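Notes follow once the structure below has been shown.
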Amino acid sequence: MIEEILFILNKTSGHINNMIAVAESVPKCYKKIFLIGNNEHEIKIMEKLNYNKIIYKSWRQLYYFFKKRNIIYVLSSGGKFSAPAIILAKAFDIQTGFIEPNYFPGQASILLSYKSDTFCDNQEYKKYFYNFIKAENPIRKQIKDIKPFIGKNCNYQKVVLIMGGSNGIKSLNDAVFNNLHYFKDIHIILILGRLFQIPDCIYPNLTIYQYTDDIQELYKRVDFVVTAAGANSIQELLYLQIPFLLYPLPNSKHDHQLQNAIYINHMLPNSYYLDPEEILCKTAGIVNTPKLLEAMKTNLKKINYKGNPKIICNNIIFNKKKRFSIIKFVIAIYSILINYFNFKFLLFFNKEVTKFKKELKYDYVKYEEIPKDLIKCVLIREDGNFFNHNGYPYGNRTIFYLIKGIFLGYGCSGIVQQSIRNIFYELRKEDKFYNFKRKIMEILLTYYVNKFYSKQQILEYYFNVICYLDFKAKRIDKFGIKYLSYILFEKEIKELSLAESMIISRILVNPIYYIKKKNELPKNLMPSLIKLLDDLKKLKYINQNEYEITELELKQLILQDN
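If you read the sequence shown in the numbering used here, its first letter stands for residue 1, the second for the next number, and so on.
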């Protein structure tokens with residue numbers, strides 16, 4: 001009997017094209033079947049590609065489908081539409097998998113992750129999944145075939161493609177119509193989206209489509225792209241190495257498009273904008289400046305995105321057990337309930353993380369960019385056993401210190417709790433019990449943060465969210481280590497010396513006091529800095545010669561200023 005693989009599609013191109021890419025790479029000896037909804041877009045694509053399809057009607061229909069067919073693997077690209085098929089597949093002991101195309105995990109990918117493979121390019125959230133496998137979102141053959149033609153535009157005009165995803169973005173469409181004066185010598189191709197109609201007016205230098213299934217034909221003609229931050233579009237442009245800017249869909253579900261844009265911004269600085277007029281102005285400036293356009297192409301070549309579906313194909317485990325088990329069905333449902341709480345925590349925590357990433361934007365610093373000297377100094381001062389404990393730094397005395405911290409409302413915390421405090425802290429002078437409640441929240445969240453985030457991620461958040469409290473002005477500001485380094489020493493963080501890293505680690509407790517006195521650091525810092533220097537030497541982090549050089553620099557930075 002021929003072994004079959006079931007692919008689950010879900011409405012938009014971002015959840016369809018990667019499934020097609022994997023299906024194209026699966027050996028011909030396996031029969032490929034696509035489960036689709038009663039959706040015109042999906043039906044049209046299936047008819048065009050001539051694949052076997054089944055239109056979903058009910059759980060009962062799927063139960064008999066699995067019972068009669070020889071399905072060996074079920075692969076989904078996320079979305080709640082996939083839930084019935086994934087749950088029943090687990091009940092039949094059929095291996096399941098998810099391709100997570102976005103750089104922020106979707107709800108279905110987490111809720112249904114128990115005993116499923118999850119293929120994703122972003123390792124930041126890997127602890128949320130049962131079996132995480134790092135893999136780039138696959139690129140379909142139609143896109144790969146046009147790569148040799150990219151950049152061969154022979155038109156006398158530069159061509160810019162502007163698109164807002166499958167359904168389109170009204171604010172982006174309106175901005176194009178209202179700002180065509182930016183593109184006097186540039187031809188614009190605008191894809192409105194399926195929800196919008198082509199206007200009757202004729203515009204110079206503007207070609208309008210409502211929607212197209214042959215986006216690859218347009219890619220061959222363009223020099224630059226402005227697009228919504230859907231994962232599929234981003235990854236196709238990375239693969240083709242076409243310069244682009246991102247305009248995240250406002251109010252996308254769980255802000256996943258903004259998350260995608262922030263992730264890409266770490267690789268390609270200044271690659272997204274939240275104002276449609278600003279992004280069009282920037283686009284015109286880049287396209288009219290050959291040096292900027294070439295610089296973007298060079299950066300894209302360095303990323304070298306491959307989108308190879310073979311990694312996913314090679315990880316498909318063929319499981320031939322076909323007997324339905326009510327116990328496995330119940331376990332699959334129970335795992336969804338457990339993962340629901342995990343997902344709610346992710347949304348709650350990540351909402352604040354996204355907020356400060358968005359505010360910092362250019363000043364956000366990745367863990368790899370933070371000097372090792374600075375990390376070492378902070379850990380010695382604040383949480384010496386950070387890499388070995390479970391988030392609560394006091395071992396057998398944890399309960400005692402937690403109770404003490406709750407009643408004091410401050411102190412008795414390590415790096416994890418300090419990071420949580422900085423991320424969520426609010427200035428509430430009218431609430432006498434705020435510090436008490438805040439401390440309890442820190443203690444409860446510490447378990448989840450330590451469970452789902454690596455130590456490196458926690459440190460990255462710690463250094464990027466430093467609280468700047470001004471009780472007199474009744475305000476709170478938050479900034480990153482990059483800003484603090486520049487304000488104190490007028491240096492990039494990578495240029496900090498050991499002595500400067502020590503000073504920063506010492507003043508993180510109350511940065512506003514020292515920022516105000518940046519030209520005259522107080523003498524009372526010196527004893528604690530010498531103690532920290534002694535600790536560095538005891539731990540053999542520095543030798544005697546480095547000790548003496550650093551001590552001399554500390555005296556110059558503090559005592560000489562005075």
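C-beta atoms are modelled at their ideal positions from N, C-alpha and C, and glycine is treated no differently.
This structure is a prediction, so every number in the text was calculated from the model and none was measured.
Helix, strand or coil for residue i? Go by DSSP, reduced to three states.
| i | result |
| --- | --- |
| D117 | strand |
| M163 | strand |
| Y125 | helix |
| E100 | coil |
| K439 | helix |
| F343 | helix |
| E3 | coil |
| T12 | coil |
| E359 | helix |
| N131 | strand |
| I139 | coil |
| F92 | coil |
| L249 | coil |
| Y453 | coil |
| N18 | helix |
| F244 | strand |
| Y219 | helix |
| N390 | coil |
| K158 | strand |
| G409 | With a pLDDT of 48 at G409, under the threshold of 50, the predicted position of this residue should be treated as unreliable, and no value is reported. |
| D146 | Checking the sequence shown, residue 146 turns out to be Ile, not Asp. Here I146 sits in coil by DSSP. |
| Y447 | helix |
Near residue i, which residues of its chain fall below 6 angstroms by C-beta distance, leaving aside the five closest residues on each side in sequence?
| i | result |
| --- | --- |
| G414 | D383, P393 |
| I370 | F463 |
| K220 | I146, F149 |
| M1 | N70 |
| Q210 | L192, I198 |
| Y30 | E3, I5 |
Taking Cβ positions, are residue i and residue j nearer each other than 7 angstroms?
| i | j | result |
| --- | --- | --- |
| M163 | P243 | no |
| I466 | L445 | no |
| G307 | Y239 | yes |
| I99 | S113 | no |
| E277 | N179 | yes |
| I493 | I481 | yes |
| Y73 | I312 | no |
Along the alpha helix (DSSP H) that carries residue i, what are the first and last residues, could you check?
| i | result |
| --- | --- |
| T550 | 544–558 |
| H41 | 40–49 |
| V365 | Element bounds for V365: n/a, residue is neither H nor E. |
| N70 | Premise fails: N70 is in no alpha helix (DSSP H) and is neither H nor E. |
| I36 | Per DSSP, I36 belongs to no alpha helix (DSSP H); it is in the beta strand (DSSP E), 31–36. |
| F489 | 481–489 |
| Y239 | 231–240 |
| I110 | 107–111 |
| N314 | 310–314 |
| N173 | 170–178 |
| L533 | 526–538 |
| L258 | 256–267 |
| T298 | 290–303 |
| S505 | 498–507 |
| S325 | Premise fails: S325 is in no alpha helix (DSSP H) and is neither H nor E. |
Take residue i and list the residues in its own chain whose beta-carbon comes closer than 8 angstroms to its own, dropping the five residues that flank it on each side.
| i | result |
| --- | --- |
| N260 | N102, Y103, F104, A229, G230, A231, I234, L246, P248 |
| A21 | P138, I139, R140, K141, G307, P309 |
| T354 | D255, L258, Q259, I262 |
Should residue i go down as buried or exposed, given a rule of 16 or more other Cβ atoms within 10 Å for buried?
| i | result |
| --- | --- |
| Q216 | buried |
| D275 | exposed |
| Q61 | exposed |
| K144 | buried |
| P309 | buried |
| K472 | Low per-residue confidence applies at K472: pLDDT is 47, beneath 50, and the placement is therefore not dependable enough to give any value. |
| Y64 | exposed |
| T118 | buried |
| T227 | buried |
For residue i, report the span of its beta strand (DSSP E) as first-last.
| i | result |
| --- | --- |
| L280 | Here L280 belongs to no beta strand (DSSP E); instead the alpha helix (DSSP H) covers 276–287. |
| V225 | 224–227 |
| A191 | Per the sequence shown, residue 191 should be read as Ile rather than Ala. Counting along the chain, the beta strand (DSSP E) containing I191 begins and ends at 186–191. |
| L195 | First-last for L195: undefined, no H or E at that position. |
| L206 | 206–209 |
| I55 | 52–55 |
Give a yes or no on whether 7 angstroms exceeds the smallest Cβ distance from residue i to chain D.
| i | result |
| --- | --- |
| S58 | Going by chain labels, chain D is absent from the structure shown, which holds only one protein chain. |
By Cβ distance, which residues of its chain are closer than 7 angstroms to residue i, with the 5 residues on each side in sequence left out?
| i | result |
| --- | --- |
| C377 | S501, M502, S505, L532 |
| C281 | Y182 |
| I375 | L459 |
| K90 | T96, K115, K328, A332 |
Sorry if obvious, but does the Cβ on residue i come closer than 6 angstroms to a heavy atom of the ligand ATP?
| i | result |
| --- | --- |
| I507 | The ligand ATP is not among the ligands present in this structure, which contains no ligands whatsoever. |
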